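Written below as structure tokens is the structure these notes are about.
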Amino acid sequence: MPIVQFTRFKTDKPEEMTQVVRRAKKIFEKHGAEFLRLSRFHTGHWAGELLVATRYANWEVYGKVQEAVANDPEFAQVMADGLKIAQLQGRNIAVGIDL
-4 MPIVQFTRFK
6 TDKPEEMTQV
16 VRRAKKIFEK
26 HGAEFLRLSR
36 FHTGHWAGEL
46 LVATRYANWE
56 VYGKVQEAVA
66 NDPEFAQVMA
76 DGLKIAQLQG
86 RNIAVGIDL
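Going by my numbering, the sequence shown opens with residue -4, and the numbers climb by one from there.
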């Protein structure tokens, strides 16, 4: 069952944050995430915020990727750069259901 992690950021510099997330995408996919996508909310309570969604094949892969990025100095720099221009608003994990 696939695992998807959603992370929301609030920023007044979306173009700069897009560049930061591009760097993060390479790192997450290098370590085994199926994909990393960036979206922007256009309606609702979170309008204007950015959403980063990463997908993993299962919990085992999720754990391996999380451990790898936690120990990756390049990712530490990417996260530091992102937090200079954006505020982390929330993080959620969704587990796929086979239909």
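Quick reminder that beta carbons are idealized off the backbone N, C-alpha and C, glycines included. Bear in mind the structure is a predicted one, so any value in this text is a computation, not a measurement.
Residue span of the beta strand (DSSP E) that contains residue i, given as start and end
i, result
"isoleucine 80", "Segment 68 to 80 is the alpha helix (DSSP H) holding isoleucine 80; no beta strand (DSSP E) there."
"lysine 5", "-2 to 6"
"threonine 49", "45 to 51"
"phenylalanine 30", "30 to 35"
Residue from the options whose Cα sits closest to the Cα of residue i
i, options, result
"aspartate 7", "Gly58, Arg50 and Gly77", "Gly77"
"proline 9", "Gln0, Ile22, Ile80 and Ala89", "Ile80"
"threonine 13", "Asn53, Glu44, Glu29 and Met(-4)", "Glu44"
"phenylalanine 70", "Thr38, Glu24, Ile92 and Glu11", "Glu24"
"alanine 75", "Val16, Met(-4) and Ile88", "Val16"
Beta carbon of residue i nearer than 8 Å to that of residue j
i, j, result
"alanine 48", "arginine 35", "no"
"tyrosine 51", "valine 60", "yes"
"methionine -4", "valine 90", "yes"
"isoleucine 92", "isoleucine -2", "no"
Contact set for residue i: own chain, Cβ-Cβ below 6 Å, skip 5 residues either direction
i, result
"threonine 2", "Val47 and Arg86"
Rounded distance between the beta-carbons of residue j and residue i, thought under 8 Å
i, j, result
"valine 73", "alanine 28", "Not quite, the Cβ-Cβ distance comes to about 14 Å (not below 8 Å), so this is no contact."
Start and end residues, alpha helix (DSSP H) containing residue i
i, result
"threonine 13", "9 to 25"
"glycine 125", "This structure gives no information on residue 125, because the portion of the chain shown stretches from -4 to 94."
Own chain, CB closer than 8 Å to residue i, minus 5 neighbours either side, in chain order
i, result
"leucine 83", "Thr2, Arg3 and Phe4"
Cβ neighbours of residue i in the same chain (closer than 7 Å, five flanking residues each side left out)
i, result
"tryptophan 54", "Ile(-2)"
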